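Asks:
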Amino acid sequence: MIHRVIEKPFLKSISQFSVTGIVGPRQVGKTTLAKQLLLNTNTIYLDLEKNSDLNKLNDPELFFSQNQDKTIILDEIQHQPAIFPLLRALIDESRKPGRFIILGSASPSLLGQNSESLAGRINYLDMMPFSILETNEKITSQDLWIYGGFPEPALSHDSDFVQDWYLSFTTSYIQRDLPQYGLPADPRVTRQFLMMIASVHGGVLSYATFAKSLGLTAPTIKTYLSFLLDAFLLRVLPAWSVNTKKRLVKSPKLYFRDTGMLHYLLGIKNMDSIFGNVVLGSSWEAFVINQVAIVLKSDDEMYFYRTQDGSEIDLLIRRNNQWLAAAEIKFSLSPKLTKGTYLAMEDLGIEKLHVVIPREENYPMAKNIQVVGITHFIQMISG
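Taking full-length UniProt numbering, I'd label the letters of the sequence shown as residues 1 to 383.
What follows is the structure, given as structure tokens:
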């Protein structure tokens, strides 16, 4: 059994909140986690995609009232958003911790006003693909990067299976899940959009560029992108833009949340096929950023910094309005920094910079600059 980073926050949440929500992409392990951690407890599990379980909720108020002494797990809650107001009423009658656990493959913002009815009564936890801290002994960091962090492909150690799995996963999202969430795009356009995002992966987001290439308007692209973000397929990294005399890049960067999906879309099947590919650097960058995101606290913040004159730092992490860490992310065993990195450190008052490389090293590169492997860096951040 692989223990997940989210386990301790989950157990703490169900001991304090009447409703705990675990959200994240399909197949990331939400159901497995909830069932395993509550295996020997008084629990009822309902899959809201199964008619047999939906039939139990023909009169949901009656069902819930008859089982108020149990913890009820509602899986794929996004398919039944009308349940939220009822949950609110029941919770207001009894605020017993651990009463409901809801699992969803879509952001609460996609559920609109229904999910907002639980504001102040629910604690949401974001579950992401595997962390290197979770799989240290079972999956190498290189395989986790190349094949992605979803449990099935990551644990298969079979590149052909990985390709087939991501084909099924991506097709399911394009043809079924995203339309069910309300994405108004033709599935062919959605696939083309995902391919375009993969081709410019890690770049600064330009709605106009996507709009021109797809023959759509910038507002339409913005709408489509919001669905992909709320389905936990993509991540935006905001630009750090404070009041300064510098001319700053202010648009965010756009990344896939899972590099396995990125590599599938680009036809990258193994380590050999990523060498020489233009996406190599941005893929490694995304992997590091996604791994950092898994272990950060919910109120921590991530940014990048870039000015029009070339000052740049790949990743900035803030905690309690202070710099927790700053990193340049380099796919190189002999990394080199540009003048722009040193200028950025000066601009931002960065006292220590880490250079994250794809080998587990730990040595000083220069004063206040340390070269580290990804595992060391993630351990440092999580500590």
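Just so you know, even glycine gets a beta-carbon here, dropped at the ideal spot from N, CA and C. If you're wondering where the values come from, they're calculated on a predicted model, not measured in any experiment.
Measure from the alpha carbon of L11 to the alpha carbon of each residue in G104, L38 and S52, then state which is nearest.
Replies: Cα-wise, what sits closest to L11 is L38.
Asks: For E137, does the three-state DSSP call read helix, strand or coil?
Replies: Reduced to three states, the DSSP call for E137 is coil.
Asks: Expressed to the nearest angstrom, what Euclidean distance is found between the alpha-carbon atoms of residue 441 and R176?
Replies: Residue 441 falls outside the range modelled here, since the chain spans only 1 to 383, and no answer is possible.
Asks: With a 10 Å radius around its C-beta and 16 neighbouring C-beta atoms as the bar for buried, classify V242 as buried or exposed.
Replies: By the neighbour-count rule (16 or more Cβ atoms within 10 Å), V242 is not buried but exposed.
Asks: Any idea which residues DSSP pairs residue 388 with across the strands?
Replies: Past the boundaries of the shown model lies residue 388; the chain is included only from 1 to 383, so the question cannot be answered.
Asks: Spell out a yes or no on whether the stretch 334-353 and the stretch 313-323 are touching, meaning 3 or more CB-CB pairs, one atom from each, closer than 8 Å.
Replies: The answer is yes - the stretch 313-323 touches the stretch 334-353, with three or more Cβ pairs under 8 Å.
Asks: Got a sec, what are the start and stop residues for the alpha helix (DSSP H) Y173 sits in?
Replies: Premise fails: Y173 is in no alpha helix (DSSP H) and is neither H nor E.
Asks: On a Cα-Cα basis, can you pick out the residue from H354, P85 and L48 that is closest to H79?
Replies: Minimum Cα distance to H79 is reached at L48.
Asks: Which class does L205 belong to by DSSP, given the choice of helix, strand or coil?
Replies: Here L205 sits in coil by DSSP.
Asks: Which term fits Q142, buried or exposed, when burial requires 16 or more other beta carbons within 10 angstroms of its beta carbon?
Replies: By the 10 Å Cβ count, Q142 comes out exposed.
Asks: Quick check on this structure: which residue in N42, L234, S273 and Q379 has the alpha carbon closest to the alpha carbon of D258?
Replies: When only C-alpha atoms are compared, the closest one is L234.
Asks: Here's the rule: buried if 16 or more other CB atoms are within 10 angstroms of the residue's CB, otherwise exposed. What is H263?
Replies: Flag for H263 reads buried.
Asks: Quick one: which unbroken alpha helix (DSSP H) runs of 4-plus residues sit fully inside the stretch 284-342? Chain order, please.
Replies: Here no run is fully enclosed.
Asks: With DSSP as the reference, label T31 as helix, strand or coil.
Replies: Reduced to three states, the DSSP call for T31 is helix.
Asks: Measure how close the beta-carbons of P85 and S117 come, nearest whole angstrom, since I'm counting them as under 8 Å.
Replies: The Cβ separation is near 5 Å, so the contact holds.
Asks: Going by other Cβ atoms of all chains shown within 10 Å of its Cβ, with 16 needed for buried, is S332 buried or exposed?
Replies: So S332 ends up on the exposed side.
Asks: Where are the alpha helix (DSSP H) runs, 4 residues long or more, that stay fully inside the stretch 34-87, in chain order?
Replies: Listed in chain order, the complete alpha helix (DSSP H) runs (minimum 4 residues) inside the stretch 34-87 are 51-55 and 60-66.
Asks: Using 8 Å as the cut-off, can you tell me whether the stretch 123-133 makes contact with the stretch 369-380, which would need three or more C-beta pairs spanning the two stretches below that distance?
Replies: Short answer: they touch.
Asks: Measure the beta-carbon distance from P25 to F232 and round it to whole angstroms, keeping in mind my assumption that it falls under 8 Å.
Replies: Correct: roughly 4 Å between the Cβ atoms.
Asks: Using the beta-carbon count (16 or more within 10 Å), is V162 buried or exposed?
Replies: Buried is the call here.
Asks: Which value, in whole angstroms, describes the spacing of the CA atoms of A34 and T43?
Replies: Those two C-alpha atoms are separated by around 10 Å.
Asks: In the structure shown, what three-state DSSP assignment does M261 receive?
Replies: The answer is helix: DSSP assigns M261 an H, G or I state.
Asks: Kindly indicate the opening and closing residues of the beta strand (DSSP E) around I357.
Replies: Note, I357: beta strand (DSSP E), L353 to I357.
Asks: Can you tell me where the beta strand (DSSP E) holding I369 begins and where it ends?
Replies: Note, I369: beta strand (DSSP E), I369 to G373.
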